Amino acid sequence: MLPGWASAAPRPTPDAKADITRFIAAMPKAEYHVHLEGTLEAEMKFALAARNGLKLPFADVAAMKRSYIYHDLPSFLAIYYDGMKVLLTEQDFYDLAYAYLAKAASQTVLYTEMFFDPQEHLKRGVPMAAVIGGITRARVDAERALGIQSQLILCFVRDSSAESAMAALDAALPLKQYLVGVGLDSDEKGNPPEKFAAHFAKARAAGLKVTAHCDVDQDDTLAHLRTAIVDLKVDRIDHGGNILQSPELVALAKQRNLYFTVCPTFSGTLRTSTPPVDVLRGMIDAGLNVTVSSDDPAYMGSEYLNTVLVRAQTRSALTRAELIGLERNAFNAAWLPANRKAAYLAKLDAFARAWS
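If you count the sequence shown from 1, you need to add 56 to reach my numbering.
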């Protein structure tokens with residue numbers, strides 16, 4: 057069940073809505089905050105369960121989707137982690153990744169960096185090589201067949217032990233050529249970023265980039281943001297909307313030219329502020345480098361990036377120039393060589409000229 061969209065902006069006319077929808081659909085895009093396991097649609101769960109001889113506790117796809125009811129991060133995570141139990145073989149991970157990449161490519165996403173949560177698979181006995189191997193084959197095939205380029209980010213599950221996270225990193229490092237970075241996700245309560253300082257340092261020493269979730273309105277959220285930015289010196293922040301409550305941290309993020317991957321579907325409002333603050337509008341107005349992503353679309357009404365941007369445009373009263381600015385930020389935020397970023401930005405510039 058999706059949280060409500062608090063839309064203070066005036067409702068557009070049907071013609072205007074159709075026009076902006078076409079604009080967003082055609083715009084070249086990049087996406088960085090998407091969890092592969094969060095793209096596991098109910099239909100695929102049933103298919104993988106049948107293939108792997110598993111019995112699901114739902115009569116059909118519709119019944120499964122009706123069970124996707126959550127009201128906060130822990131209640132969402134319970135559904136999310138339960139759903140990924142059907143992923144057992146290299147082919148399962150191939151099918152999962154290829155399905156997302158095909159969907160993204162159909163929405164004019166040219167480039168994506170995808171999260172995955174290997175600790176959850178390792179504890180079920182799935183080898184790291186099977187997880188990364190399946191995803192990597194899908195990446196290669198999708199680029200060849202669909203033109204979409206992608207990279208992979210290993211996320212540490214912060215409410216699991218630091219030891220299991222280090223074991224996952226150690227298992228992945230022999231395959232580091234298939235990774236671009238590491239991240240930090242899951243339940244923040246009692247799991248501050250510094251719990252993973254050694255993991256980030258080891259990943260950096262291996263040549264990997266570093267990002268961290270700082271989810272909206274969590275306990276000690278400003279302390280977590282400060283640790284991530286000042287002490288761990290992350291390369292990006294995932295979510296991070298509560299930074300608007302600290303002018304000092306906003307200034308630091310701007311000084312470092314830090315990029316934020318915002319997911320307005322689930323984390324679009326600061327409810328600990330009075331009055332509540334629209335995260336995307338507030339971060340744009342503060343001059344922060346914001347990108348927009350779909351997060352876990354299979355559990356959020358199957359709303360992939362185009363739909364997320366259409367809803368965000370209405371909710372946050374985004375102009376066409378601001379939408380293009382979001383994608384300019386996205387391509388600039390890529391963990392890519394400068395020449396590849398420039399090629400993507402040239403495509404975005406050509407689009408902007410064509411639609412001006």
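Glycine is no exception: its CB is placed at the ideal position from the N, C-alpha and C atoms. Since we're looking at a predicted model, the values are computed, not measured.
For the beta strand (DSSP E) that residue i lies in, which residues bound it at each end?
i	result
S372	Premise fails: S372 lies in the alpha helix (DSSP H), 361–372, not in any beta strand (DSSP E).
S123	That residue, S123, is in no beta strand (DSSP E); it is neither H nor E in DSSP.
M339	That residue, M339, is in no beta strand (DSSP E); its alpha helix (DSSP H) goes 335–341.
R292	292–295
Which same chain residues end up closer than 6 Å to residue i when comparing Cβ atoms and leaving out the 5 residues on each side of it in sequence?
i	result
N345	Y315, N385
E199	Q205
V366	T77, I80
A221	F212, H255
A227	M184
P393	none
A186	E146
L231	I188
Assuming residue i is part of the alpha helix (DSSP H), what are its boundary residues?
i	result
A105	98–107
M222	218–228
H413	Nothing can be reported for residue 413: it is not among the residues displayed for the chain, which extend from 57 to 412.
F256	253–261
F114	F114 -> no alpha helix (DSSP H), and no H or E assigned at all.
H177	174–178
T347	Run containing T347: none in the alpha helix (DSSP H); it sits in the beta strand (DSSP E), 345–348.
Determine the burial state of residue i: buried for a count of at least 16 other Cβ atoms within 10 Å of its Cβ, exposed for fewer.
i	result
K310	exposed
N247	buried
T317	buried
T328	exposed
K111	exposed
A402	exposed
D276	exposed
H127	exposed
P113	exposed
P332	exposed
N298	buried
T363	buried
Using a threshold of 8 Å, state whether the C-beta atoms of residue i and residue j are closer than that.
i	j	result
T321	D334	no
S242	R214	yes
M170	V90	yes
F252	A218	yes
G139	L96	yes
Q274	S216	no
K85	E383	yes
T270	A284	Just to set this straight, residue 270 is Cys in the shown sequence, not Thr. Contact: yes.
F387	K397	yes
L305	G338	no
A155	M100	yes
V165	L104	no
D351	Y136	no
A262	P249	no
G237	W391	yes
A368	G94	no
Mind reading off the beta-carbon distance from residue i to residue j? Whole number of angstroms is fine, and I expect it under 8 Å.
i	j	result
H280	E244	6 Å
S349	L336	About 11 Å; that fails the 8 Å criterion.
L235	L208	5 Å
D287	K265	That belief does not hold up - the Cβ atoms of D287 and K265 are roughly 17 Å apart, past 8 Å.
V182	L129	Not really, about 25 Å apart at Cβ, beyond 8 Å.
Grab me the residues of residue i's own chain with a C-beta within less than 7 Å of its C-beta, minus the 5 sequence neighbours each way, in chain order.
i	result
L133	S242, D243
A410	none
Leaving out five residues before and five after residue i in sequence, what residues of the same chain have Cβ atoms less than 8 Å from its Cβ?
i	result
L157	T168, A194, R195, A198, L202, I204, S206
A74	none
R260	V266
R67	No answer about R67 holds up, because its pLDDT of 46 lies below 50 and its placement is not dependable.
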